[in-house]
Amino acid sequence: MAINWIESEVIEHIRWTDSLSSVKFKGNVLPYTAGQFTKVGLKINGELVSRPYSYVSSPNEDYLEIIYVHVPGGLLTPALHELKVGDKLHVMEKASGFFVMDEVPKGKNLWMFATGTGLGVFISLLKTSQPWERFEKIILVHGVRTKKELVYQEQIKKFAEDNPGKIKYIQTVTREKEADCLNLRIPQGLETNKIQKLAEVEITLDSQIMICGNPEMINDTVTFLEKNGLERNRRSKPGNITLEKYW
Ligand code: NAP
Numbered sequence: 043m044a045i046n047w048i049e050s051e052v053i054e055h056i057r058w059t060d061s062l063s064s065v066k067f068k069g070n071v072l073p074y075t076a077g078q079f080t081k082v083g084l085k086i087n088g089e090l091v092s093r094p095y096s097y098v099s100s101p102n103e104d105y106l107e108i109i110y111v112h113v114p115g116g117l118l119t120p121a122l123h124e125l126k127v128g129d130k131l132h133v134m135e136k137a138s139g140f141f142v143m144d145e146v147p148k149g150k151n152l153w154m155f156a157t158g159t160g161l162g163v164f165i166s167l168l169k170t171s172q173p174w175e176r177f178e179k180i181i182l183v184h185g186v187r188t189k190k191e192l193v194y195q196e197q198i199k200k201f202a203e204d205n206p207g208k209i210k211y212i213q214t215v216t217r218e219k220e221a222d223c224l225n226l227r228i229p230q231g232l233e234t235n236k237i238q239k240l241a242e243v244e245i246t247l248d249s250q251i252m253i254c255g256n257p258e259m260i261n262d263t264v265t266f267l268e269k270n271g272l273e274r275n276r277r278s279k280p281g282n283i284t285l286e287k288y289w
């Protein structure tokens with residue numbers, strides 16, 4: 043099916059690090075659900091080059107936002123990286139994807155595991171009321187290489203202030219030694235029980251788990267969870283583990 047592209051305008055470009063940025067833009071897209079992804083594109087040498095990105099923004103906000111890593115030599119992100127306020131980009135009119143709260147079965151606690159830019163989709167989900175209303179506790183685990191990639195700190199602080207006692211935010215940083223962070227990859231943090239200890243709750247058969255980010259992190263995390271009796275959540279057979287693999 044042909045994609046309907048909407049021209050939109052950059053309203054802010056946040057430079058978290060030299061290679062990690064978020065871009066906010068305005069565009070008249072169709073209503074979307076938190077957790078869905080769109081495609082963002084630019085005309086490069088006369089051709090529209092596009093890539094999928096999850097929305098970091100949430101349907102109740104009046105702007106759209108994505109987060110991306112600038113890959114030098116890549117087809118799209120070097121041009122994306124150049125965008126300034128007022129510049130135009132193309133966005134797919136209709137978002138898609140099933141990494142949304144309606145697809146997550148009932149449970150006691152909700153665990154959200156992200157590496158790198160995979161955090162973005164959880165920011166979108168947590169800006170909506172569903173996760174807060176449906177779960178007793180939310181454990182947000184973000185794994186990055188270096189501390190400066192621990193993005194959206196202010197937003198996460200606001201989630202905690204708005205929902206006292208409901209969220210545990212756990213950071214893992216793998217390529218630097220940092221106080222207040224675990225210095226290991228997420229699957230190792232689970233294997234060694236360090237993540238669960240910081241969360242002050244165990245992962246149990248009534249937990250729901252959402253995972254987004256590095257595909258190998260997803261595989262290893264799923265292996266750990268399956269060893270502990272949790273199952274993939276499928277439309278045909280509901281379970282505990284809902285995934286978003288995006289590259
Ligand atoms: P990433 O490379 O996936 O790293 C994010 C976190 O995931 C790191 O803590 C990393 O640990 C961990 N990880 C990697 N492989 C894993 C595995 N098999 N199991 C468990 N955890 C794993 O994500 P990113 O830094 O956001 O980069 C995304 C893409 O952009 C990559 O292709 C990268 O090469 C490219 N890129 C990144 C940067 C940057 O500054 N982050 C700059 C330019 C390009 P380790 O540190 O132990 O790998």
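Residues 43 to 289 in the numbering used here are what the sequence shown lists, from first letter to last.
Every residue gets a Cβ at the ideal spot worked out from N, C-alpha and C, and that includes glycine.
| Item | Value |
| --- | --- |
| Burial state of methionine 259 (16 or more Cβ within 10 Å) | buried |
| Any non-hydrogen atom of ligand 1 closer than 7 Å to isoleucine 228 Cβ | yes |
| Phenylalanine 155 - partner residues in DSSP beta bridges | Val183 and Ile253 |
| Any non-hydrogen atom of ligand 2 closer than 7 Å to leucine 62 Cβ | For the structure depicted, ligand 2 is absent and the ligand set comprises only ligand 1. |
| C-alpha distance - isoleucine 56 paired with leucine 167, whole-angstrom precision | 20 Å |
| Near ligand 1: glutamate 286 beta-carbon under 7 Å from a heavy atom | no |
| Expected contact under 8 Å - CB spacing of leucine 62 and glutamate 191 to nearest Å | 6 Å |
| Whole-angstrom distance between valine 146 and serine 249, CA atom to CA atom | 11 Å |
| Lysine 200 to glutamate 268 span [Cα, whole Å] | 33 Å |
| Simplified DSSP state of phenylalanine 140, which is helix, strand or coil | coil |
| Sequence-distant residues of its chain with Cβ nearer than 6 Å to lysine 236 (five each side left out) | Leu224 |
| Runs of beta strand (DSSP E) wholly within the segment 54-90 (minimum 3 residues, chain order) | 62-68 and 79-86 |
| With 16 other Cβ atoms within 10 Å as the buried cut-off, status of glutamate 107 | buried |
| Residue of Asn70, Val264 and Ile253 minimising C-alpha distance to isoleucine 165 | Ile253 |
| Cut-off 8 Å between Cβ atoms - residues of its own chain near threonine 216, not counting five sequence neighbours on either side | Gly185, Val186, Arg187, Asn225, Leu226 and Arg227 |
| Nonlocal neighbours in the same chain, by C-beta distance under 8 Å from aspartate 222, ignoring five residues either side | Gln213 |
| Three-state secondary structure (DSSP) of arginine 274 | strand |
| Any non-hydrogen atom of ligand 1 within 7 Å of glutamate 220 CB | no |
| When Gly149, Pro101, Phe140 and Val52 are compared against lysine 126, the one with the closest alpha-carbon | Val52 |
| Euclidean distance between Cα positions of proline 280 and glycine 162 | 25 Å |
| Local conformation of threonine 265 per DSSP, three classes | helix |
| As assigned by DSSP and simplified to three states, the class of serine 166 | helix |
| Proximity test, methionine 259 beta-carbon vs ligand 1 heavy atom, cut-off 7 Å | yes |
| 8 Å Cβ shell around glutamine 238 - same chain, five flanking residues per side excluded | Leu232, Glu244 and Ile245 |
| Sufficient close CB pairs (3 or more, under 8 Å) joining the segment 144-158 to the segment 89-96 | no |
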